[in-house]
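**Student:** Just so you know, we're using the numbering used here here: the sequence shown kicks off at 1 and counts up by one.
We treat Cβ as the ideally placed atom computed from N, Cα and C, and that holds for glycine.
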Amino acid sequence: MKKVAYLLMTDLHFAFRMNARKNYFKEIFDIIHQIIEIKEKYEQDGYEVILMLLGDIFNRGISDPTEAMQALELFKYIFSLFSKVYAVIGNHEFSYYKNNPFWFLVSQIEDKSILTIHKKMKQPLGFTNYITVPDRITDGNVSFIFNHYGVGIKEITKDAKINIGLFHQDIGSEQISKMYSNYEDIEKSDRLAYYDYCFFAHLHTASGKYNINDNFVAYYLQSLGRTNHTEVDNSDLERMIPIIKVIDGDFNGIEENKIKLPTREEILDINQILTAQKKYQENKAIKQETEHIVLGASLYETLQKSVLGTEDAIIMGLLAKSETDMKKEYSAYLNDTITKEEK
1 MKKVAYLLMT DLHFAFRMNA RKNYFKEIFD IIHQIIEIKE KYEQDGYEVI
51 LMLLGDIFNR GISDPTEAMQ ALELFKYIFS LFSKVYAVIG NHEFSYYKNN
101 PFWFLVSQIE DKSILTIHKK MKQPLGFTNY ITVPDRITDG NVSFIFNHYG
151 VGIKEITKDA KINIGLFHQD IGSEQISKMY SNYEDIEKSD RLAYYDYCFF
201 AHLHTASGKY NINDNFVAYY LQSLGRTNHT EVDNSDLERM IPIIKVIDGD
251 FNGIEENKIK LPTREEILDI NQILTAQKKY QENKAIKQET EHIVLGASLY
301 ETLQKSVLGT EDAIIMGLLA KSETDMKKEY SAYLNDTITK EEK
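Spelled out as C-alpha cells, the structure:
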C-alpha cells in the first residue's frame, strides 16, 4: 500500500530580522519546527510526506553573504527531510528576485505558463533542483494544479476525479477579502468550475473553509510569517497546516492540522512600535503644516493678482527675494492674525 501525505505550507516570509520584533528568526524557526513535527507524525503512520509550498517562502532578498549562505543551508536541510518539494511561485519571489535564496534552490521551471506571462522573468540560479516548479502533478485520480502569481486561474477540464487547485493570487469575495480592494470574485469565476478543492495563499489575514456555491471547497490559509506587527493578533494565533492524503492513487481526504503562533507579548518590541508611531505622527504633522503654508502662499499670490492686476503682481514677484521668502511672509501674516484673534 502506497500512502502519500501532501503537506501544504504558505507565506513563511523567512527573514533573519523584522521591524518591531525581538527575534524574528526564532519566531520562524519555531514555526518550521512545528511543521516538521506534523511531518514526522504522518511518517510514523507509514506516509511518504511531500512538501507543497504556496509562495512567499522568503520575505525578500538577503544581501548579507553570510546570512544568505546560512539561509540556503537551512532550507537545503529542511527540504531534505521531505521526499519531494513542489512550489507555487508567489509575488515575493518575483518582486524580490535579487539575492532571493528561492532562486538558488531552483534549477529549472517546468511550468511554461510562467515563462509566457512573465516576459521579463528572471532565470533560476541553482545547480540542483531542490524545489520543483510544475504546471501540475498527478497522483492516481488526484490532480494538483499550480496557479502561480500573475498567471491567472488555470482553466481545467474534468480529466481527474479530484482536481485540487493551489493558488497564490488575488482571489476572494466581499466576505473573505474585506481588507483588499482588488480581487477576482471567487463566487463569480467560471474558471474555477471544475476544481473540487482550492487552497488560497497570499491574502495573509484571510482564513477559513468555505463551500462555494455548492460547487467546490475553498481553504484560505493565513500567512505563517506575520511581517506587520498588526497581523500579530492574540485572538487569532492558530494556523492551519493542511494534509491531503492519497492512498494507492485514491483521494483519502484532507486533514486540518493546527500549529500555534506566539503572542504579541512574546515577540513584539513594543517600545520600538511606540517610537515609530510617534515619529510617524510628527512627520505627518510637519507635512500637513508645510502643505498649509504652501497652499497659503498660493492663495496670497492669487489675491495679489486679483487686487493689483497681473502686471503689478509680476513686478511684486520680481521684487520678492524668493518664493520661500514669500511663503514665510504669508506664514508670519497668518501667525500674527491668529495672535490678534486670540487676544
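By Cβ distance below 7 Å, which residues in the same chain neighbour SER63 in space, the five residues on each side in sequence not counted?
**Tutor:** Sequence index remark: in the sequence shown, residue 63 carries index 63 (1-based). Closer than 7 Å at Cβ, skipping near neighbours: ASN99.
**Student:** Taking the C-alpha atoms as reference points, what is the distance between ILE241 and ARG226?
**Tutor:** Working through the sequence shown from its first residue, we reach residue 241 at position 241. Working through the sequence shown from its first residue, we reach residue 226 at position 226. Answer to the nearest angstrom: the Cα atoms are 16 Å apart.
**Student:** DSSP on ARG226, reduced to helix/strand/coil?
**Tutor:** Position 226 of the sequence shown, counted from the first residue, corresponds to residue 226. The answer is coil: DSSP assigns ARG226 none of H, G, I, E or B.
**Student:** Out of ALA193, VAL142, ARG17, state which residue places its alpha-carbon closest to the alpha-carbon of ILE244.
**Tutor:** Indexing the sequence shown from 1 puts residue 244 at position 244. Ranking ALA193, VAL142, ARG17 by Cα distance to ILE244 puts VAL142 first.
**Student:** Report yes if the CB atom of VAL49 is closer than 8 Å to the CB atom of ALA15, and no otherwise.
**Tutor:** The residue given as residue 49 occupies position 49 in the sequence shown. The residue given as residue 15 occupies position 15 in the sequence shown. No. Outside cutoff.
**Student:** From ARG60 to ILE28, what distance separates their C-alpha atoms?
**Tutor:** Within the sequence shown, residue 60 is the residue found at index 60, counting from 1. Within the sequence shown, residue 28 is the residue found at index 28, counting from 1. Using only the alpha carbons, I get a separation of about 14 Å.
**Student:** Using a Cβ-Cβ cut-off of 7 Å (strictly less than) and excluding sequence neighbours within five positions of PHE216, which residues of its own chain qualify?
**Tutor:** Residue mapping note: residue 216 aligns to position 216 of the sequence shown, counting from 1. Only LEU192, TYR195, ASP196, TYR197, CYS198 meet the Cβ criterion.
**Student:** Keeping to the same chain, check which residues put their C-beta closer than 6 Å to that of SER113; ignore five residues upstream and five downstream.
**Tutor:** Taking the sequence shown and counting its residues from 1, one reaches residue 113 at position 113. Once the five neighbours on either side are set aside, the close Cβ partners of SER113 are VAL151.
**Student:** Does the distance from the C-beta atom of GLY55 to that of VAL85 stay below 8 Å?
**Tutor:** By one-based count along the sequence shown, residue 55 stands at place 55. By one-based count along the sequence shown, residue 85 stands at place 85. Against a cut-off of 8 Å, the Cβ pair of VAL85 and GLY55 comes out as no contact.
**Student:** Tell whether a beta-carbon distance below 8 Å holds between ASP94 and TYR47.
**Tutor:** Within the sequence shown, residue 94 is the residue found at index 94, counting from 1. Within the sequence shown, residue 47 is the residue found at index 47, counting from 1. Strictly speaking, residue 94 in this sequence is Phe, with Asp absent from that position. No, the pair does not count as a contact, with Cβ atoms beyond the cut-off.
**Student:** Short of 7 Å in beta carbon distance, which residues of its chain neighbour ILE109, apart from the five on each side in sequence? Order them along the chain.
**Tutor:** What you label residue 109 is simply residue 109 of the sequence shown in a count that begins at 1. LEU115, PRO124, VAL133.
**Student:** Hey, could you find the ends of the beta strand (DSSP E) LEU268 is sitting in?
**Tutor:** Within the sequence shown, numbered from 1, the residue matching residue 268 stands at position 268. Neither: LEU268 is in no beta strand (DSSP E) and is coded neither H nor E.
**Student:** Can you tell me whether ARG239 is buried or exposed? The criterion is at least 16 other CB atoms within 10 Å of its CB, across all chains shown.
**Tutor:** Taking the first residue of the sequence shown as position 1, residue 239 is located at position 239. It counts as buried.
**Student:** Over what stretch of residues does the beta strand (DSSP E) that includes ILE247 continue unbroken?
**Tutor:** Within the sequence shown, numbered from 1, the residue matching residue 247 stands at position 247. 238–247 is the span of the beta strand (DSSP E), which, as asked, contains ILE247.
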